[in-house]
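Here is the structure we will look at.
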Amino acid sequence: MAKGQREISVSEFFVKNRHLLGFDSPAKALLTTVKEAVDNALDACEEAGILPELRIEVHDLALEAKGKDAELTKGEGRFLVVVEDNGPGIVKAQVPKIFGKLLYGSKFHRLKQARGQQGIGISAAAMYGQLTTGKPIRVTSRV
Numbered sequence: 046m047a048k049g050q051r052e053i054s055v056s057e058f059f060v061k062n063r064h065l066l067g068f069d070s071p072a073k074a075l076l077t078t079v080k081e082a083v084d085n086a087l088d089a090c091e092e093a094g095i096l097p098e099l100r101i102e103v104h105d106l107a108l109e110a111k112g113k114d115a116e117l118t119k120g121e122g123r124f125l126v127v128v129e130d131n132g133p134g135i136v137k138a139q140v141p142k143i144f145g146k147l148l149y150g151s152k153f154h155r156l157k158q159a160r161g162q163q164g165i166g167i168s169a170a171a172m173y174g175q176l177t178t179g180k181p182i183r184v185t186s187r188v
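The opening position of the sequence shown corresponds to residue 46 in the working numbering, with each subsequent residue numbered one higher.
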């Protein structure tokens with residue numbers, strides 16, 4: 046039995062199970078991405094005792110390319126999601142862990158249910174974006 050066991054990468058797990066994480070269609074993936082980013086912003090502000098202020102932008106890249114290189118993005122359904130908040134920010138050394146690992150977060154120690162506790166959300170959104178576009182994500186933090 047041990048011969049049949051093998052380890053899979055996080056990205057392979059994600060590809061095989063993205064339907065369980067809210068990324069089974071482009072529309073659902075967009076909704077999940079925005080929700081996870083907003084949840085994280087609200088949680089960070091709440092934990093720091095800050096009244097949250099958020100700015101959310103969703104850009105349809107195909108619509109914005111219309112008249113330029115519309116053929117390059119035609120039918121691709123690619124979006125740029127920007128979420129800005131007035132939270133405490135993310136320490137630079139933590140950015141790769143927060144956005145690059147599943148099951149990584151700061152809420153595992155809490156006993157009460159919060160908006161999300163799995164440590165999967167925003168990293169899954171980043172992974173979905175990378176897998177579907179082949180492009181890196183960009184994270185900017187004031188810290």
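Each residue gets a CB set at the ideal place from its N, CA and C atoms; glycine is no exception.
Pull up the CB-CB distance for residue i and residue j, whole angstroms please, since I reckon it's below 8 Å.
i      : j      : result
Ile143 : Ile182 : Not really, about 11 Å apart at Cβ, beyond 8 Å.
Ala82  : Val128 : 4 Å
Arg123 : Thr178 : 6 Å
Applying the criterion that 16 or more other CB atoms from any shown protein chain within 10 Å of the CB defines a buried residue, is residue i buried or exposed?
i      : result
Asn62  : exposed
Asp69  : exposed
Gly174 : buried
Phe58  : exposed
Leu75  : buried
Thr77  : buried
Ala93  : exposed
From the DSSP output, read off the bridge partner residues of residue i.
i      : result
Asp105 : Phe124
Glu129 : Arg100
Go to residue i, then tell me how far its alpha helix (DSSP H) extends in each direction, as first and last residue.
i      : result
Asp88  : Pro71 to Ala93
Ala68  : Residue identity check: residue 68 is Phe in the sequence provided, not Ala. Where Phe68 is concerned, there is no enclosing alpha helix (DSSP H), given that its DSSP letter is neither H nor E.
Ala171 : Gly166 to Thr178
Between which residues of its own chain and residue i is the CB-CB distance below 8 Å, once the five residues before and five after are set aside?
i      : result
Leu125 : Glu102, Val103, His104 and Leu106
Lys73  : Gly67
Val188 : Pro133, Gly134, Ile135, Val136 and Lys137
Between which residues of its own chain and residue i is the CB-CB distance below 7 Å, once the five residues before and five after are set aside?
i     : result
Glu98 : Asp130 and Asn131
Any heavy atom of the ligand MG inside 7 Å of the beta-carbon of residue i?
i      : result
Ser168 : In terms of ligand content, the structure shown is empty, and the ligand MG therefore cannot be addressed.
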